[in-house]
Amino acid sequence: MNMSTNAYREDQWDVLRPHITRLYFDESRPLRDVVQTIRDKYGFDATPRMYKYRLQKWGLDKKFKEKEVAQMVLLKQQRDAAGKKTKFLIQGKTIDWDLVERYLHRRPDLQTRIRAGMIAMGDTIPGLVCRSPSPDRVRHASPVLQHSDEMLRLLKGYYESTFGLDTASRRSSVSASTDLAISIRCFRQLDQARIMITSENMKVGFGFLNKSLDDLRHLVRMQDPTLLFYLFDVALAFDPSHRELARAVLRHTHDIVIVTLGHSHPLVRLLRRLSHLQGEDRYDVIVTILEGVVGTFKQFGSNDRVLKRLNCHYFLLLDYLGLYGKRANPSFPEMDANSIDDVGVAYLARFVDRLISNEDPEEAELKLAMVLTWVQAPVNLQHPSWPELQLSYYRLRLHTHLARGQWDESSRWFEKLLAHSGKYSLTC
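Residue numbers (full-length UniProt numbering): 1 to 428.
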């Protein structure tokens with residue numbers, strides 16, 4: 001049964017926000033189509049007027065505003081005079097200049113005022129970004145590859161000395177599982193920080209983020225084989241939706257590694273280099289390095305469990321960056337319900353979360369059943385990671401029912417989530 005349109009809460013809108021954004025802003029669907037699609041798919045019966053209010057609040061109104069157009073025209077005139085090419089983005093979406101010209105054609109009064117100098121450059125408009133378009137890959141790949149090649153050489157030396165084949169003790173360190181429960185907690189909280197902050201729930205989001213960064217310090221001291229992947233995960237958690245926050249988190253991560261490992265450590269130098277790269281260049285370096293790290297551990301003859309962890313993290317990072325299928329096309333490693341360990345379950349839970357967000361409910365249910373098998377097994381009930389993974393299962397069940405618009409079931413799983421988090425003193 002559909003709920004009264006007056007009953008929709010902020011958190012219910014937040015759950016559907018990614019789907020509404022994709023349909024309305026990314027796919028440029030008419031509002032009436034968006035309203036109908038969301039109603040049919042999720043039983044969410046809000047009115048078009050409510051949608052308009054939310055879209056404006058989220059900064060997703062597709063219609064140009066006079067101030068935006070005037071600012072873009074003036075900026076483009078300045079840059080044209082300096083011989084610079086110009087690209088504009090609003091809320092992260094590239095603006096087709098033909099659409100701006102059509103707007104001006106409909107508004108000759110605005111054109112006249114701009115030409116007469118009656119409109120001056122205003123203050124920065126939130127969500128409006130002006131920059132030079134990225135050169136094509138043939139022209140800009142060389143300096144990026146220089147960064148990548150140099151860092152891969154440094155990292156290979158680090159991995160050989162720390163996890164290489166020269167001593168049995170170092171080989172055993174590759175498969176060590178010390179304090180992995182902390183890594184599971186760290187990135188469950190990072191995922192929740194990302195969700196909350198993306199939904200503009202800043203207070204709760206920063207609470208999760210601070211707890212996650214506290215755990216990151218411990219992971220740096222552990223120097224697990226997947227540490228570099230975790231550092232990338234933290235550094236990219238809020239890029240590109242909150243670029244200033246992403247830069248601040250990258251700097252903070254850099255400082256954590258310096259304090260623990262010292263200024264000359266290869267991971268410190270890598271993070272410092274990344275802080276000077278932006279956009280596609282940063283992503284290219286990261287993906288190239290991740291591929292190189294996976295290849296290095298294959299050369300070491302690392303056990304299957306470690307390689308599976310590396311490949312899981314590699315897949316999830318590519319998917320988050322939107323590069324899966326473009327930059328590379330790995331598959332999420334196959335998991336065996338009878339032999340999966342706690343870290344594998346944690347990665348599987350993150351994969352299920354992506355499947356739900358990407359609207360693949362059938363595959364999500366299959367993978368979620370494997371998570372349930374692990375948390376219900378009596379042998380795992382005393383495992384240090386069990387409380388965190390049981391919490392993840394409840395959260396994914398809640399997410400599943402919310403995505404389907406099943407509000408009664410959502411409430412039931414939310415109560416379970418709260419009860420479990422209270423019993424084990426976990427933040428949810």
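Where a beta carbon is used, it is the ideal one built from N, C-alpha and C, also for glycine. As the structure is a computational prediction, the values presented were derived from the model and not from experiment.
message = Any contact between the region 221–233 and the region 202–209? By contact I mean 3 or more CB pairs, one from each, below 8 Å.
response = Too few Cβ pairs lie closer than 8 Å, so no.
ask   = What do you get for W13, buried or exposed, if any count of 16 or more other CB atoms within 10 angstroms of its CB means buried?
value = Counting from one through the sequence shown, the residue named residue 13 turns up at place 13. Burial call: buried.
query = From which residue to which residue does the alpha helix (DSSP H) around R194 run?
reply = If you number the sequence shown from 1, residue 194 lands on position 194. Per DSSP, R194 is one residue of the alpha helix (DSSP H) stretching across L180 to T198.
key: Of the residues E200, R39 and V129, the one placed nearest L89, counting alpha carbons only   = The sequence position of residue 89 within the sequence shown is 89, counting from 1. The residue with the shortest Cα to Cα distance from L89 is V129.
Beta-carbon spacing of L372, R395 below 8 Å = Here residue 372 refers to the residue found at position 372 of the sequence shown. Here residue 395 refers to the residue found at position 395 of the sequence shown. Judged by their CB atoms, L372 and R395 are not nearer to each other than the 8 Å cut-off.
request  = Could you pull out every unbroken alpha helix (DSSP H) segment of at least 4 residues lying fully inside the region 66–108, listed in chain order?
outcome  = Counting only runs of 4 or more, we get 66–81 and 97–106.
ask   = What whole-angstrom Cβ distance do L216 and I256 have, given they're in contact under 8 Å?
value = Numbered from its first residue, the sequence shown carries residue 216 at position 216. Numbered from its first residue, the sequence shown carries residue 256 at position 256. The C-beta distance from L216 to I256 rounds to 6 Å, short enough to meet the 8 Å contact threshold.
request  = Inspect the beta-carbon positions of H401 and E388 and report whether they are closer than 8 Å.
outcome  = Stepping through the sequence shown from its first residue, residue 401 is reached at position 401. Stepping through the sequence shown from its first residue, residue 388 is reached at position 388. Their beta carbons are not under 8 Å apart, which means H401 does not touch E388 by this criterion.
query = CB of D98 to nearest heavy atom of the ligand FAD: below 7 Å?
reply = Ligands in the displayed structure: none, and consequently the ligand FAD is not present.
query = Just checking, does the region 350–359 make contact with the region 306–321 on the three C-beta pairs under 8 Å criterion?
reply = Touching, yes.
request  = Helix, strand or coil for L128, going by three-state DSSP, please let me know.
outcome  = Locating residue 128 in the sequence shown gives position 128, where the first residue counts as 1. Reduced to three states, the DSSP call for L128 is strand.
ask   = Among V306, Y8 and E365, which residue has its Cα nearest to the Cα of I340?
value = Position 340 of the sequence shown, counting from 1, holds the residue named residue 340. Of the candidates V306, Y8 and E365, the one whose C-alpha sits nearest the C-alpha of I340 is V306.
request  = Find out if the Cβ-Cβ distance for the pair S212, L190 is shorter than 8 Å.
outcome  = For the purposes of this step, residue 212 is taken as residue 212 along the sequence shown, with counting starting at 1. For the purposes of this step, residue 190 is taken as residue 190 along the sequence shown, with counting starting at 1. Cβ distance < 8 Å, so S212 and L190 count as in contact.
ask   = Is it right to say E68 is buried, meaning 16 or more other beta carbons lie within 10 angstroms of its own, or is it exposed?
value = Counting from one through the sequence shown, the residue named residue 68 turns up at place 68. E68 should be labelled buried.
Beta-carbon separation (whole angstroms), R188 vs S392, contact threshold 8 Å = Position 188 of the sequence shown holds residue 188. Position 392 of the sequence shown holds residue 392. The pair is a contact, with the Cβ atoms about 6 Å apart (cut-off 8 Å).
message = On the DSSP letters alone, give me the boundaries of the alpha helix (DSSP H) that T260 sits inside.
response = Numbered from 1 along the sequence shown, position 260 holds the residue referred to as residue 260. R243 to L261 is the span of the alpha helix (DSSP H), which, as asked, contains T260.
key: Three-state secondary structure (DSSP) of W58   = Working through the sequence shown from its first residue, we reach residue 58 at position 58. Reduced to three states, the DSSP call for W58 is coil.
request  = Given a cut-off of 8 Å, decide if L381 and T289 are closer than it, judged by their beta-carbon atoms.
outcome  = If you number the sequence shown from 1, residue 289 lands on position 289. If you number the sequence shown from 1, residue 381 lands on position 381. What sits at residue 289 in the sequence shown is Ile, not Thr. In this structure, I289 lies away from L381, with their beta-carbon atoms at least 8 Å apart.
Counted within 10 angstroms of its Cβ, other Cβ atoms place D80 as buried (16 or more) or exposed = Here residue 80 corresponds to residue number 80 of the sequence shown, with the count starting at 1. With fewer than 16 other Cβ atoms inside 10 Å of its own Cβ, D80 counts as exposed.
message = Please state the DSSP three-state secondary structure of T427.
response = Numbered from 1 along the sequence shown, position 427 holds the residue referred to as residue 427. The answer is coil: DSSP assigns T427 none of H, G, I, E or B.
message = Comparing C-alpha positions only, which one of S183, E150 and A403 sits nearest to N358?
response = Position 358 of the sequence shown holds residue 358. Residue A403 is the option with its Cα nearest to N358.
key: C-alpha gap between A237 and P108, whole angstroms   = Locating residue 237 in the sequence shown gives position 237, counting from the first residue. Locating residue 108 in the sequence shown gives position 108, counting from the first residue. In this structure, the CA atom of A237 is about 43 Å from the CA atom of P108.
query = For L180 versus V35, is the C-beta distance shorter than 8 Å?
reply = Within the sequence shown, numbered from 1, the residue matching residue 180 stands at position 180. Within the sequence shown, numbered from 1, the residue matching residue 35 stands at position 35. No, the Cβ-Cβ distance between L180 and V35 is not below 8 Å.
request  = Could you tell me the distance, in whole angstroms, from the CA atom of S275 to the CA atom of E150?
outcome  = Your numbering for residue 275 matches position 275 in the sequence shown. Your numbering for residue 150 matches position 150 in the sequence shown. Rounded to whole angstroms, S275 to E150 spans 16 Å at the Cα level.
request  = State yes or no: is the C-beta of T253 within less than 8 Å of the C-beta of L219?
outcome  = As a working mapping, residue 253 is identified with position 253 in the sequence shown. As a working mapping, residue 219 is identified with position 219 in the sequence shown. Their beta carbons are not under 8 Å apart, which means T253 does not touch L219 by this criterion.
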